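K.L.:
All residue numbers for the sequence shown refer to our numbering, where the first residue is 3 and numbers rise by one.
The beta-carbon is built from N, C-alpha and C at its ideal position, and this holds for glycine as well.
This one's a predicted model, so the numbers in the text were calculated from it and none came from an experiment.
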Amino acid sequence: MSHPWSVWLEPCESDRIQLQKLIRDFCARFNSLVFDPHITLFGRVAKDPVATFPFFENFVKDFGPISLNVLGIKTGEPPWKSLYLQIGKNNELGQVQKEFDYYLNDYRHYEFDPHLSLAYGDLSINGSELDHISFPETITFSSVAFVATPDEITNWKMINQFGLGGGVSP
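Next up, the structure:
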């Protein structure tokens, strides 16, 4: 595979709809490209992902959906953490990410900081703009996705998806 790929934790359908609306609203406000809601468990691996599918498909069977607390809305280092929801860690998330990190760390080092981006880019955001933004207190995640993640967001593409608790989504 010529482009890097990433492993995402994806929200359940009801939370995905709510988060996608937030992302669309912020991307429109800041003239940024729209993307699917996710937490990156491990980012930008430059090796063919197909060889990893059996391991991860088997691994995620042991987990059901994971509910995580949202700690707040924050701004950070552009372009990838310009505006985001900081997500709290729990034992399940720690266990899943630790296993992914252990399996993929030979390919590259990845520093995990659980967050769900709301907009990417070089954004000029006034801190007071964040005060009146409502966001969910918890988000439930129900699948792990392998996504081609070249530098251009418009070229991001789903490679494969595994439902937590088993099952492959086309």
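1. Answer yes or no: do residue 62 and residue 164 have a C-beta to C-beta separation smaller than 8 Å?
2. How is the alpha helix (DSSP H) around residue 70 delimited, first residue to last?
3. Which whole-angstrom value describes the C-beta separation of residue 67 and residue 91, a residue pair presumed to lie in contact below a C-beta threshold of 8 Å?
4. Using the rule of at least 16 other Cβ atoms within 10 Å of the residue's Cβ for burial, across every protein chain shown, is residue 158 buried or exposed?
5. By the DSSP assignment, the beta strand (DSSP E) with residue 63 in it spans what residues?
6. Under 8 Å between the Cβ atoms of residue 72 and residue 156?
7. Roughly how many angstroms separate the alpha carbons of residue 1 and residue 35, rounded to a whole number?
8. Cα separation between residue 3 and residue 103?
9. The beta strand (DSSP E) spanning residue 144 covers which residue range?
10. Taking just the CA atoms, how far does residue 131 sit from residue 32?
11. Since residue 31 is in the alpha helix (DSSP H), which residue starts that stretch and which ends it?
12. Quick test of the definition: if touching needs 3 or more C-beta pairs under 8 Å, does the segment 122 to 129 touch the segment 39 to 57?
13. Quick check on residue 75: buried or exposed, where buried means 16 or more other Cβ atoms within 10 Å of its Cβ?
14. Less than 8 Å between the CB atoms is what I'm expecting for residue 106 and residue 44, so what's the real figure, rounded?
P.N.:
Taking the geometry as given:
1. In this structure, residue 164 lies closer than 8 Å to residue 62 by Cβ.
2. Careful: residue 70 lies outside any alpha helix (DSSP H), inside the beta strand (DSSP E) at 68 to 77.
3. About 16 Å separates the beta carbons of residue 67 and residue 91, which is beyond the 8 Å limit, so they are not a contact pair.
4. With 16 or more Cβ atoms within 10 Å of its Cβ, residue 158 is classed as buried.
5. Here residue 63 belongs to no beta strand (DSSP E), and DSSP marks it neither H nor E.
6. No, these two residues do not count as a Cβ contact at 8 Å.
7. Because the chain in this structure spans residues 3 to 172, residue 1 falls outside the shown range and cannot be described.
8. Low confidence applies to residue 3: its pLDDT is 45, below 50, so where it sits in the model is not reliable enough to give any reading.
9. Residues 140 to 150.
10. Straight-line Cα distance between these residues: approximately 12 Å.
11. 15 to 31 is the span of the alpha helix (DSSP H), which, as asked, contains residue 31.
12. With the cut-off at 8 Å, the segment 122 to 129 and the segment 39 to 57 do not touch.
13. Buried is the call here.
14. Confirmed, about 5 Å.
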